[in-house]
Amino acid sequence: MTVQPILTARGLVKRYGRVVALNHADFDLYPGEVLAVIGDNGAGKTTLIKAISGAIRPDEGEIRLDRQKVDFRSPLEARDAGIETVHQTLALSPALSIADNMFLGRELRKPGFRGRWLRALDRDKMEEVARQKLNELGLLTIQNIRQAVETLSGGQRQGVAVVRAATFGSKVIIMDEPTAALGVKESRKVLDLIQDVKSRGLPIVLISHNMPHVFEVADRIHVHRLGRRLCVIDPKKHTMSDAVAYMTGAMEPPVEAAVA
Amino acid sequence: MSDAGAAPHKQDFEEVLDRSDKSVAAFEGHEKNLMDRLQHFLHGNPTMVPVIVLAISIIAFGFIAGDRFFSAFNLSLIMQQVSIIGILAAAQSLVILTAGIDLSVGANMVLASVIMGNLGVQLGLPAPVAIGIGFICGALAGALNGFLVTKVRLPPFIVTLGTWNIFFALNLWLSGAQSIRSQDIDAQAPLLKFFGESINIGGAQFTFGSMLMVLIFAVLWYVLNRTAWGRHVYAVGDDKDAAELAGIRTSRTLVQVYALAGLVCGIAAWAAIGRVGSVSPQSFQEANLQSITAVVIGGISLFGGRGSIIGPLVGALIVGVFNSGLRLAGVDVLWQVFAIGWLTIIAVAMDQWIRKVSA
């Protein structure tokens, strides 16, 4: 490939006491793609994702964003660099409104004296932006932007979290098990949402155990096993049972996939 | 299964979704009865409970105790009587909104007032300096609570139970368990009694202390509802882990909350000197728990993240109205305490009932 990857990791190592969670793991994400990360429980995919989203610092190895070496000491730093994460727990505050949640931790203030000295929030602006972004990504069903998040359904909450990431993420969006807690209908909406975000040119890292969902939306699949990248496969050339076989060690991956 | 990988489209079993029933789940008996409507209304407007209780109790005591209760003078007197507990309830609300509790607010306030008195009267420092140092001590005492809660990771209940005793002991040590007399304050630092002064409007006596209470609630309402920091306080109380992941520095916010609560206790200390007229190390021993009562009656959830700061102001006034009304009706003091006890329990029960609203 001549295209440069937007986010790469080389030789990441992370030890927790005697447990090696990451064992010289590599990672590549190309612009505009959906990269699924699959792996058995305990394979270290969560640790890998935590390392690239700033939640942990690897003991060894390097991470490059846009070819620049980065060293995130907190999720805030990763976020400032343009990497947004949609956590499995969503990280939404149930009693706060949709607009408050979307801007949580990066609120807009009013211009001039009231914003500068009285620290007044620009509620109108935040609600307007929130409404516009939700509409753009087809979450029209949400009527009232001042509604508390706890009054929304599971799928709508997921939608708010994804829209928040898409609004602020300028480089990469990471989604951790976005469909795990959802029903058939709501999963469909979230998968459509992933396609929408992708069509706007933002690359997505999708962590999921759900093979049909992975094979539907992913352009490439990163198979993680025993703390490192085992192979990267093309979902059009491999079946779900192949993927599960590589992931669990039942079958050796093809040679060309190991270097892809 | 084998060909599913090749199709970047909907799964087969999802084809039927287009034809699926789009109507939202509905239940038998669409007509909601009056209780359901009330429950829904109160869920959307939680501060209405204490407001309604306050209105009803004022009207009821107006009938029972007559004009003596319902006079401008008596109503302004109630404001005066609840002003110190009201200000402490404002401090308490900040902490309870973060799902914590501060048992030390009253002890913190008395300690700050003793410091103000010692510096301003006995050491003869200029009154504004004495008051300023009192504020700083209040804020530092609060920050100590916040530090122990966030950095040492102790439960707020235990931390503030400990500091309640610590602050009380320090206060007895600094004061030698002696009050500073009113005359001495007048002679040395009359500014300490500023909030005891009042203005008369049509028979009503508004002390500066009552006005200060209302002002503090107004400022805190603005901070909590109109600034990013205020939203963070709610988010931390609602779900601390979620707030942390959303990019809020939750420990810093918590320390700031405890320190601000401490500063408000320091301000209450100044107002308390004016209210009592002297500096008394033995006063306000029940203030810690009374402030919690006002917050709970005011409809702020002890589980954090829910409720309006205006609630505790109303809660403090309800307590004042009950005490005044029952006293004027000639009821023994013990029944005032009895009534407040039930009021607290009923307020929490109401809160639970409203929370169970079927959305």
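Chains as they are written, first to last, in the numbering used here: chain A, 15 to 274; chain B, 274 to 632.
No residue lacks a Cβ here, since even glycine has one placed at the ideal position from N, Cα and C.
Just curious, the alpha helix (DSSP H) that residue i is in, first and last residue?
{"i": "Asp281 of chain A", "result": "Any property of residue 281 of chain A remains undetermined from this structure, which presents chain A solely from 15 to 274."}
{"i": "Arg499 of chain B", "result": "481–499"}
{"i": "Arg171 of chain A", "result": "168–182"}
{"i": "Leu413 of chain B", "result": "400–423"}
{"i": "Gln354 of chain B", "result": "345–370"}
{"i": "Gly435 of chain B", "result": "429–448"}
{"i": "Ile70 of chain A", "result": "No alpha helix (DSSP H) contains Ile70 of chain A, which DSSP labels as neither H nor E."}
{"i": "Pro585 of chain B", "result": "583–601"}
{"i": "Trp615 of chain B", "result": "606–628"}
{"i": "Lys139 of chain A", "result": "137–150"}
{"i": "Gly129 of chain A", "result": "126–130"}
Considering just the uninterrupted stretch of the beta strand (DSSP E) at residue i, what are its terminal residues?
{"i": "His38 of chain A", "result": "33–43"}
{"i": "Arg78 of chain A", "result": "74–79"}
{"i": "Thr103 of chain A", "result": "Premise fails: Thr103 of chain A is in no beta strand (DSSP E) and is neither H nor E."}
{"i": "Leu26 of chain A", "result": "21–30"}
{"i": "Asn473 of chain B", "result": "471–474"}
{"i": "Gln82 of chain A", "result": "82–84"}
Quick check on residue i - is its C-beta less than 9 Å from some C-beta in chain A?
{"i": "Ala516 of chain B", "result": "yes"}
{"i": "Met617 of chain B", "result": "Going by the sequence as given, residue 617 of chain B is Thr instead of Met. So no, Thr617 of chain B is outside the interface."}
{"i": "Gly476 of chain B", "result": "no"}
{"i": "Ile521 of chain B", "result": "yes"}
{"i": "Lys629 of chain B", "result": "no"}
{"i": "Gly578 of chain B", "result": "yes"}
{"i": "Ala632 of chain B", "result": "Note that Ala632 of chain B scores 45 on pLDDT, short of 50, meaning its location in the model is unreliable and no value can be drawn from it."}
{"i": "Glu287 of chain B", "result": "yes"}
{"i": "Pro281 of chain B", "result": "Confidence is the limiting factor: at Pro281 of chain B the pLDDT is only 47, short of 50, which leaves the residue's position unreliable, though a coordinate-based value still follows. With 9 Å as the cut-off, Pro281 of chain B counts as an interface residue toward chain A."}
{"i": "Glu301 of chain B", "result": "Annotation note: pLDDT 49 at Glu301 of chain B (below 50); position unreliable, coordinate value reported separately. Answer no: the Cβ-Cβ gap between Glu301 of chain B and chain A never drops below 9 Å."}
{"i": "His313 of chain B", "result": "no"}
{"i": "Trp502 of chain B", "result": "yes"}
{"i": "Ala508 of chain B", "result": "yes"}
{"i": "Tyr531 of chain B", "result": "no"}
{"i": "Asp309 of chain B", "result": "no"}
{"i": "Arg499 of chain B", "result": "yes"}
Can you pull the DSSP bridge partners for residue i?
{"i": "Gly53 of chain A", "result": "A:His238"}
{"i": "Asp190 of chain A", "result": "A:Ile221"}
{"i": "Ala519 of chain B", "result": "DSSP lists no partner for Ala519 of chain B."}
{"i": "Ser111 of chain A", "result": "A:Ala162"}
Residue i: buried (16+ other C-beta within 10 angstroms of its C-beta) or exposed?
{"i": "Tyr507 of chain B", "result": "buried"}
{"i": "Arg71 of chain A", "result": "exposed"}
{"i": "Trp543 of chain B", "result": "buried"}
{"i": "Lys59 of chain A", "result": "buried"}
{"i": "Ser107 of chain A", "result": "buried"}
{"i": "Asp459 of chain B", "result": "exposed"}
{"i": "Val610 of chain B", "result": "exposed"}
{"i": "Thr371 of chain B", "result": "buried"}
{"i": "Glu47 of chain A", "result": "buried"}
{"i": "Asn158 of chain A", "result": "exposed"}
{"i": "Asn391 of chain B", "result": "buried"}
{"i": "Asn149 of chain A", "result": "exposed"}
{"i": "Gly183 of chain A", "result": "buried"}
{"i": "Asn318 of chain B", "result": "exposed"}
{"i": "Leu62 of chain A", "result": "buried"}
{"i": "Ile52 of chain A", "result": "buried"}
{"i": "Arg202 of chain A", "result": "buried"}
{"i": "Gly56 of chain A", "result": "exposed"}
{"i": "Asn438 of chain B", "result": "exposed"}
{"i": "Met308 of chain B", "result": "exposed"}
{"i": "Phe300 of chain B", "result": "With a pLDDT of 46 at Phe300 of chain B, under the threshold of 50, the modelled position of this residue cannot be trusted, and the question is left open."}
Taking only beta-carbon positions, decide if residue i is within less than 9 Å of chain B.
{"i": "Arg32 of chain A", "result": "no"}
{"i": "Val211 of chain A", "result": "no"}
{"i": "Val198 of chain A", "result": "yes"}
{"i": "Asp85 of chain A", "result": "no"}
{"i": "Asp114 of chain A", "result": "yes"}
Does the beta-carbon of residue i, which I'm using as the reference point, lie nearer than 8 Å to any heavy atom of the ligand ZN?
{"i": "Lys28 of chain A", "result": "Of ligands this structure carries none, so the ligand ZN is not represented either."}
If you pair each beta-carbon of the region 201–216 of chain A with each one of the region 224–235 of chain A, do three or more pairs fall below 8 Å? yes
Whether or not the region 77–96 of chain A and the region 515–529 of chain B are in contact is what I'm after, with contact meaning three or more pairs of Cβ atoms, one per stretch, closer than 8 Å; do they touch? yes
State whether the region 344–357 of chain B contacts the region 576–591 of chain B, with contact taken as three or more CB pairs (one from each stretch) at a distance under 8 Å. yes
Are at least three pairs of beta-carbons, each pair with one atom in the region 337–354 of chain B and one in the region 497–516 of chain B, less than 8 Å apart? no
With three or more beta-carbon pairs closer than 8 Å as the criterion, would you say the region 414–423 of chain B touches the region 468–487 of chain B? no
Determine contact between the region 608–628 of chain B and the region 568–581 of chain B, defined as no fewer than three beta-carbon pairs at a distance below 8 Å. yes
Taking 8 Å as the cut-off, does the region 240–250 of chain A touch the region 39–54 of chain A (at least 3 CB pairs, one atom from each stretch)? yes
Does the region 139–153 of chain A come close enough to the region 163–183 of chain A that 3 or more CB-CB pairs lie under 8 Å? yes
Meets three-Cβ-pair contact criterion under 8 Å: the region 160–175 of chain A and the region 108–126 of chain A: yes
So does the region 219–230 of chain A actually touch the region 190–206 of chain A, counting three or more Cβ pairs closer than 8 Å? yes
Does the structure place the region 549–562 of chain B close enough to the region 375–388 of chain B that three or more beta carbon pairs sit under 8 Å? yes
So does the region 531–550 of chain B actually touch the region 322–336 of chain B, counting three or more Cβ pairs closer than 8 Å? no
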